[in-house]
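To start, the structure itself, in structure tokens.
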Amino acid sequence: MAPLAHVFTGTGTVDLNRSRMVEAHPEWWGAAPGDGRQDSLAALKACLAAHPVMRLLAADYFISATFAVERSFCRIIGSGFRGTEPGQGTRLIMTGGRADVLRVGPASRPKTVNDFLQNVDVRGIALARTVAPDTSGEAQPAGLRAQFLLFGRIDDVSAAEHAVGFVARGLVRTTFTNCVAFRSMRGKQDNQYWRGFLLDGSVDIGLAGGNASLSLIECNASIGGDPKIGDGVGLLLDGAFADSFILGFETTGIATGIRVDGRADALAARGRNGHVNLHLTMPIIDQCGTIGIEIRNTSTHAMIDITEPYVAVAPSATAALRFDRMRGAATLTGGQCVGNMDMAAGGHAAGLEALDSHGLQTTGLKILEHSRPVVVTRCNGLSLRLLITNPSSRPGGDAISVSNCTAGTIAPLISGQDGAFATGVRFVGGSVQMHVDASGIMPAALDGNGPRVMNGDRPFSLPSREAYITVDGI
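Residues 381 to 854, numbered by the numbering used here, are exactly what the sequence shown covers, in order.
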């Protein structure tokens, strides 16, 4: 094994691809770890061209332009990620504000999926920059931009201080595991948007979604300090999101934890196949400033499963869970919405809010300490089976507010302090073909042991059938 020093010089090309060497080091081509005055980009490129396995030290490698990985069947192995100081693992550091740090995949889309880059493995690296990201024009500099890739693995990679931490577009059978996006640096422009992870399905690239069989496993996005972010989103699924599997995704201190924006109007016919097979499993959204999980503007073909979410809203948040113009079918199974901090600060966040949506089913959702636990407006095809409890507060509003809804079932368990809510379920506006099972509403949790179900300002009688609304259990 050669020493970790500059070994190869001159104008020739080194080819170690068929050698017995297990790995190669960019130091052999003149990389200068730890020296911010030298550009190591050429050495990194030469090393990866010469050998399919590149090993990086626990050091900083400074580059002036994007390091593009455009060869198949290769591996880049660092010595640890999430480092913020020299010697804390491997860092690739961009010295400019407009370029991506690392791109895995070709710059433009190949003719067919089988022509995509294949079998690239990147692990144990932090992607950073020395100056704030510059988003003037259409630039959205990323830490890692992965595109047009088959069978990729991105493990233990962090991306700090970029406009977008990770971009995924045209990825097939590719997995991100334990990857981290972070932002604390103020950008060159105030009110920049920031995305921890962007799954880009906004453009038709020949797949049902923007990616195919893409998995994010135990990845994390967070914001520290006050970077003056205008629209911060931990994970954005933009456009066609089919065949996306998100397991254990976690955010902290971000305005919106997860946003699924189907862009149904723009996608048109692509929404038929592009809005199916989305699974959000055990997401953890802590102290979101605006919305925990938002599903919006999906097509009538949408099929979405959300399982065991945890959302804790910060003061000033508007909703833990929001469905806005959601068409198709979304199933929400289990989960916890926690509003302690927002309630203590006098906030008015909703636990579950659904607006102009169709086909929402909830089973086993638990909503704790919210002033507006459930608000549904202009929805149809609803099935809401959930638990609402306010053991420490008396917001005095309705536990569930229903306005202008059609064809739905509401079967809540409602408890809390004496007089926590004015009423259990209140219908305002015209709702028809609705059924309420009020047997799980505890009278003591209502102000003055008041009516469990109201039609405007009038309690439903027993038995009741008013305005095509049926109520039992009272």
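Even for Gly, the Cβ is constructed at its ideal location relative to N, Cα and C.
This structure is a prediction, so every number in the text was calculated from the model and none was measured.
Checklist entry - In chain order, what residues of the same chain lie with their CB nearer than 8 Å to the CB of Pro-432, ignoring the 5 residues before and after it? => result Walking along the sequence shown from the start, residue 432 turns up at place 52. So the list reads Asn-397, Arg-451, Phe-453, Cys-454, Arg-455, once near-sequence residues are dropped.
Item to check | alpha helix (DSSP H) segment containing Cys-427, residue limits | outcome: As a first step, residue 427 must be located in the sequence shown, where it is residue number 47. That run of the alpha helix (DSSP H) goes 421–430.
Item to check | Nearest candidate by alpha-carbon position, reference Gly-460, set Gln-527, Val-481, Asp-536 | outcome: By one-based count along the sequence shown, residue 460 stands at place 80. Of Gln-527, Val-481, Asp-536, the residue nearest in Cα terms is Asp-536.
Checklist entry - For Gly-567 versus Ile-603, is the C-beta spacing smaller than 8 Å? => result As a first step, residue 567 must be located in the sequence shown, where it is residue number 187. As a first step, residue 603 must be located in the sequence shown, where it is residue number 223. Taking the C-beta atoms as reference points, Ile-603 is found no nearer than 8 Å to Gly-567.
Item to check | Boundaries of the alpha helix (DSSP H) in which Ala-646 is found, first to last residue | outcome: Position 266 of the sequence shown, counting from 1, holds the residue named residue 646. That run of the alpha helix (DSSP H) goes 644–647.
Item to check | Limits of the beta strand (DSSP E) - the one that Gly-628 falls within | outcome: Translated into the one-based positions of the sequence shown, residue 628 becomes position 248. Premise fails: Gly-628 is in no beta strand (DSSP E) and is neither H nor E.
Item to check | Own chain partners of Ala-540 with C-beta closer than 6 Å, once the 5 adjacent residues on each side are dropped | outcome: As a working note, residue 540 is residue 160 in the sequence shown. Within the same chain, and ignoring the five residues on either side of Ala-540 in sequence, the residues whose Cβ sits closer than 6 Å to its Cβ are Ala-508, Phe-562.
Item to check | Pick from Ala-791, Gly-799, Ser-781 that is closest to Ser-773, judged by C-alpha positions | outcome: In the sequence shown, the residue the question calls residue 773 occupies position 393. Shortest Cα-Cα distance from Ser-773 to any of Ala-791, Gly-799, Ser-781 involves Gly-799.
Checklist entry - What are the start and end residues of the alpha helix (DSSP H) that includes Asn-835? => result The sequence position of residue 835 within the sequence shown is 455, counting from 1. For Asn-835, there is no enclosing alpha helix (DSSP H); the residue is part of the beta strand (DSSP E) that begins and ends at 833–835.
Item to check | Outcome for Pro-383 when other beta-carbon atoms lying within 10 angstroms are tallied against a minimum of 16 | outcome: Locating residue 383 in the sequence shown gives position 3, where the first residue counts as 1. Label assigned to Pro-383: exposed.
Checklist entry - Thinking C-beta only, is Asp-817 closer than 8 Å to Phe-801? => result Along the sequence shown, one-based indexing puts residue 801 at 421. Along the sequence shown, one-based indexing puts residue 817 at 437. Contact: no.
Next on the checklist: I'd like to check one pair, Gly-581 with Gly-476: are the Cβ atoms closer than 8 Å?
Outcome noted: In the sequence shown, the residue the question calls residue 476 occupies position 96. In the sequence shown, the residue the question calls residue 581 occupies position 201. Not a contact, by the Cβ cut-off of 8 Å.
Checklist entry - Do you know offhand how far Ala-694's Cα is from Gly-727's? => result Within the sequence shown, the letter at position 314 stands for residue 694. Within the sequence shown, the letter at position 347 stands for residue 727. Cα to Cα, the separation comes out at about 9 Å.
Checklist entry - To which residues of the same chain is Ile-684 closer than 6 Å at the C-beta, ignoring the five residues directly before and after it? => result As a first step, residue 684 must be located in the sequence shown, where it is residue number 304. Cβ neighbours of Ile-684 within its own chain (closer than 6 Å, five residues either side excluded): Leu-658, Ala-710.
Item to check | In chain order, each beta strand (DSSP E) run of at least 3 residues that lies wholly inside the segment 732–767 | outcome: Listed in chain order, the beta strand (DSSP E) runs fully inside the segment 732–767 are 740–748, 752–757, counting runs of at least 3 residues.
Item to check | Neighbour-count burial assignment, Ser-781, 16 or more Cβ in a 10 Å radius | outcome: Along the sequence shown, read from residue 1 onward, the residue named residue 781 stands at position 401. A residue is called buried once 16 or more other Cβ atoms fall within 10 Å of its Cβ, and Ser-781 is buried on that count.
Checklist entry - Out of curiosity, what's the CA-to-CA distance linking Asp-623 and Ala-548? => result Counted from its first residue, the sequence shown places residue 623 at position 243. Counted from its first residue, the sequence shown places residue 548 at position 168. The C-alpha of Asp-623 lies about 13 Å from the C-alpha of Ala-548.
Item to check | Where Val-322 sits in the DSSP three-state scheme | outcome: Nothing about residue 322 can be read from this structure; the chain reaches only from 381 to 854.
Checklist entry - So what's Asn-600 in DSSP terms, helix, strand or just coil? => result By 1-based counting over the sequence shown, the position of residue 600 is 220. In the structure shown, Asn-600 sits in a strand (DSSP, three-state: E or B).
Checklist entry - Can we say the segment 733–747 touches the segment 756–773, given the rule of at least three CB pairs closer than 8 Å? => result Three or more Cβ pairs closer than 8 Å define a contact, and the segment 733–747 meets that threshold against the segment 756–773.
Item to check | Leu-842 burial status per 10 Å Cβ neighbour count (16 or more: buried) | outcome: As a position in the sequence shown, residue 842 is number 462, starting the count at 1. Here the model assigns Leu-842 a pLDDT of 49, short of 50, so the residue's position is not dependable, and the following value carries that caveat. Exposed is the call here.
Item to check | Asp-827, enclosing beta strand (DSSP E) - first and last residue | outcome: Position 447 of the sequence shown holds residue 827. Note, Asp-827: premise wrong, no beta strand (DSSP E); not H, not E.
Checklist entry - What's the C-alpha gap between Pro-406 and Asp-641? => result Numbered from its first residue, the sequence shown carries residue 406 at position 26. Numbered from its first residue, the sequence shown carries residue 641 at position 261. Roughly 41 Å separates the two Cα atoms.
Checklist entry - Between which two residues does the alpha helix (DSSP H) containing Arg-652 stretch? => result For the purposes of this step, residue 652 is taken as residue 272 along the sequence shown, with counting starting at 1. 651–654 is the extent of the alpha helix (DSSP H) around Arg-652.
Next on the checklist: Quick check on this structure: which residue in Leu-529, Gly-788, Thr-470 has the alpha carbon closest to the alpha carbon of Gly-485?
Outcome noted: Here residue 485 is taken as the residue at index 105 of the sequence shown, counted from 1. Considering only alpha carbons, the answer is Leu-529.
Checklist entry - Does DSSP put Pro-843 in a helix, in a strand, or in coil? => result Along the sequence shown, read from residue 1 onward, the residue named residue 843 stands at position 463. Residue placement at Pro-843 cannot be trusted, given a pLDDT of 46 that sits under 50; the coordinates are not used to answer.
Next on the checklist: Quick check: the Cα distance between Pro-792 and Gln-569, rounded to an integer number of angstroms?
Outcome noted: In the sequence shown, counting from the first residue as 1, residue 792 sits at position 412. In the sequence shown, counting from the first residue as 1, residue 569 sits at position 189. Rounded to whole angstroms, Pro-792 to Gln-569 spans 47 Å at the Cα level.
Next on the checklist: I'd like to know whether the C-beta atoms of His-542 and Ala-522 end up nearer to each other than 8 Å.
Outcome noted: Counting from one through the sequence shown, the residue named residue 542 turns up at place 162. Counting from one through the sequence shown, the residue named residue 522 turns up at place 142. By the CB criterion at 8 Å, His-542 and Ala-522 fall inside the cutoff.
Checklist entry - What beta strand (DSSP E) runs, 3 residues minimum, are completely inside the segment 533–601? => result As far as the segment 533–601 is concerned, its whole beta strand (DSSP E) runs of at least 3 residues are 533–540, 544–557, 560–563, 572–581, 592–597.
Checklist entry - Does DSSP put Asp-495 in a helix, in a strand, or in coil? => result Stepping through the sequence shown from its first residue, residue 495 is reached at position 115. In the displayed model, Asp-495 falls within a helix according to three-state DSSP.
Next on the checklist: Going by beta-carbon coordinates alone, are Leu-424 and Ala-411 separated by less than 8 Å?
Outcome noted: Translated into the one-based positions of the sequence shown, residue 424 becomes position 44. Translated into the one-based positions of the sequence shown, residue 411 becomes position 31. In this structure, Ala-411 lies closer than 8 Å to Leu-424 by Cβ.
Item to check | Pairwise C-alpha distance: Gly-532 and Arg-702 | outcome: As a working note, residue 702 is residue 322 in the sequence shown. As a working note, residue 532 is residue 152 in the sequence shown. Roughly 33 Å separates the two Cα atoms.
Item to check | Alpha-carbon spacing of Gly-390 relative to Trp-409, whole angstroms | outcome: Along the sequence shown, one-based indexing puts residue 390 at 10. Along the sequence shown, one-based indexing puts residue 409 at 29. For Gly-390 and Trp-409, the gap between their C-alpha atoms comes out near 10 Å.
Next on the checklist: If you reduce the DSSP assignment to three classes, tell me which class Glu-674 lands in.
Outcome noted: Here residue 674 corresponds to residue number 294 of the sequence shown, with the count starting at 1. Note: Glu-674 maps to strand in three-state DSSP.
Next on the checklist: In whole angstroms, give me the CA-to-CA distance for Pro-831 and Phe-840.
Outcome noted: The residue given as residue 831 occupies position 451 in the sequence shown. The residue given as residue 840 occupies position 460 in the sequence shown. Computed Cα separation, rounded: 8 Å.
Item to check | Inter-residue Cα distance where the pair is Ala-588 and Phe-496 | outcome: Taking the sequence shown and counting its residues from 1, one reaches residue 588 at position 208. Taking the sequence shown and counting its residues from 1, one reaches residue 496 at position 116. If you take the alpha carbons of Ala-588 and Phe-496, they lie about 16 Å apart.
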